[in-house]
Amino acid sequence: MKQEKVIQMSTSKPPALRSSWLQHLPLVVTGLLILSFGLAYGLVPEFRAFLREAVDVLSGDDEKRITRWVAQFGWRGPFLLIVAMIAQIFLVIIPSWGLMIVSVLAYGPVWGTVLSLVATAIAASIGYGVGKSVGDATVRKLVGGKTEKKVTDWVQQYGFWAVVFARASPFISGDAISLIGGISRIGFPKFISATVLGATPLVVAIGYFGENTQRLKVGFGWMTAVSLLLFAGYYLYRKKKEG
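The numbers in the UniProt record's numbering rise by one with no breaks, and the one at position 137 of the sequence shown is 137.
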């Protein structure tokens, strides 16, 4: 019995070792993804042609061409868009708002908006969970030291409304706010509520403006201006209340 107990103890991993392995898991996954993409791009002509076509189509202004390209995937299209939104946590290929535009162009303003909001909520939840699991050091490596400190201070100071503002603005990284939300004091119910509340106006606006790229550029300017004004108003209100 004693010998069996010793064997069992010797095969278990120390908690510190398990924690260290878990902290580095996102970096390992990111490295493997980059390596896999690189090898596939260099060694598989079909994959290389597919990626070139995808970048060419999705970064262009031809709405009909984008719609046709996404439509070829049939029922798999929405799942691919959700996976792409999740991949933004680790690999910035196309910005998340760009994927929202693709969703609207491919599935129309109503279903495209619904799909974008669902994908945003799923990706934000996964980002929050990854941040909570791996801790400060790994999140700092994933998003950069300066970004991590700035966004962490911002979230800790303004909490719920910092997440709302970050999600409402098309020019602030939602991926960073999700990862850092996981290591902050904000709880998940409050975080995901703020994410949905902030993302909804942006997604709806993209649903309205997104079917015309020229109109979308003007809409982005208005969305950014409104989100800045709202945050400035909240900042002044809070300062006045504290003073």
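Glycine is no exception: its CB is placed at the ideal position from the N, C-alpha and C atoms. Note that the coordinates shown come from a computational prediction; the quantities given were computed from them, not determined experimentally.
With 16 as the cutoff for other CB atoms within 10 Å, does residue i come out buried or exposed?
| i | result |
| --- | --- |
| Q88 | buried |
| S103 | buried |
| R68 | exposed |
| R167 | buried |
| S36 | exposed |
| F188 | exposed |
| V70 | buried |
| P78 | buried |
| K241 | exposed |
Check whether the Cβ atoms of residue i and residue j sit closer than 8 angstroms, and answer yes or no.
| i | j | result |
| --- | --- | --- |
| A106 | G112 | yes |
| F160 | I186 | yes |
| A100 | V203 | Looking at the sequence itself, residue 100 is Met, so the reference to Ala does not match. In contact: M100 and V203 (Cβ atoms closer than 8 angstroms). |
| G131 | I180 | yes |
| G127 | S178 | yes |
| G198 | V163 | yes |
| P109 | G38 | no |
Can you tell me where the alpha helix (DSSP H) holding residue i begins and where it ends?
| i | result |
| --- | --- |
| Q156 | 145-158 |
| V70 | 63-71 |
| R52 | 45-58 |
| W97 | 96-134 |
| R76 | 76-87 |
| S169 | From DSSP, S169 is part of no alpha helix (DSSP H); its letter is neither H nor E. |
| I192 | 188-209 |
Give me, in chain order, the residues of the same chain whose beta-carbon lies closer than 6 angstroms to that of residue i; leave out the 5 immediate sequence neighbours on both sides.
| i | result |
| --- | --- |
| F231 | F165 |
| K150 | none |
| A16 | Unreliable placement is indicated for A16, whose pLDDT of 49 sits below 50; the coordinate value is still reported in the next sentence. Nothing listed; no residue qualifies. |
Which same chain residues, not among the five before or five after residue i, have their C-beta less than 7 angstroms away from its C-beta?
| i | result |
| --- | --- |
| E148 | V139, R140, I180 |
| L51 | Y41 |
| V83 | none |
| L236 | none |
| S227 | F165, A168, S169 |
Using only CA atoms, which one of the options lies nearest to residue i?
| i | options | result |
| --- | --- | --- |
| K190 | K241, S125, S133 | S125 |
| Q156 | F37, G182, Y237 | G182 |
| V114 | V163, V196, G221, A225 | V196 |
| S143 | D153, T120, D175 | The question names Ser, but residue 143 is Val in the sequence shown. Measuring from the Cα of V143, the nearest candidate turns out to be D175. |
| A194 | G38, D153, L117 | L117 |
| S133 | L236, S184, G145, A49 | S184 |
| R238 | G221, Y158, A225 | Y158 |
Kindly list the residues whose CB is nearer than 8 angstroms to the CB of residue i, restricted to its own chain and excluding five residues on each side of it in sequence; keep chain order.
| i | result |
| --- | --- |
| I66 | V57, L58, G60, V102, L105, A106 |
| M223 | A168, S169, P170, P201, L202, A205 |
| S96 | M85, Q88, T120, A123, G174, D175 |
| F47 | A40, Y41 |
| I192 | A121, A124, S125, Y128 |
| F73 | L80 |
| R215 | F209 |
| R18 | The pLDDT assigned to R18 is 48, lower than 50, so where the model puts this residue is not dependable; a value taken from the coordinates is nonetheless given after this. Same-chain partners within the cutoff: there are none. |
Between residue i and the ligand HEM, is there a pair consisting of the residue's CB and a ligand heavy atom that are separated by less than 7 angstroms?
| i | result |
| --- | --- |
| K64 | The ligand HEM is absent from the structure shown, which contains no ligands of any kind. |
Quick one: is residue i near chain B, going by C-beta distance under 8 angstroms?
| i | result |
| --- | --- |
| G144 | No chain B appears in the structure shown, which is made up of a single protein chain. |
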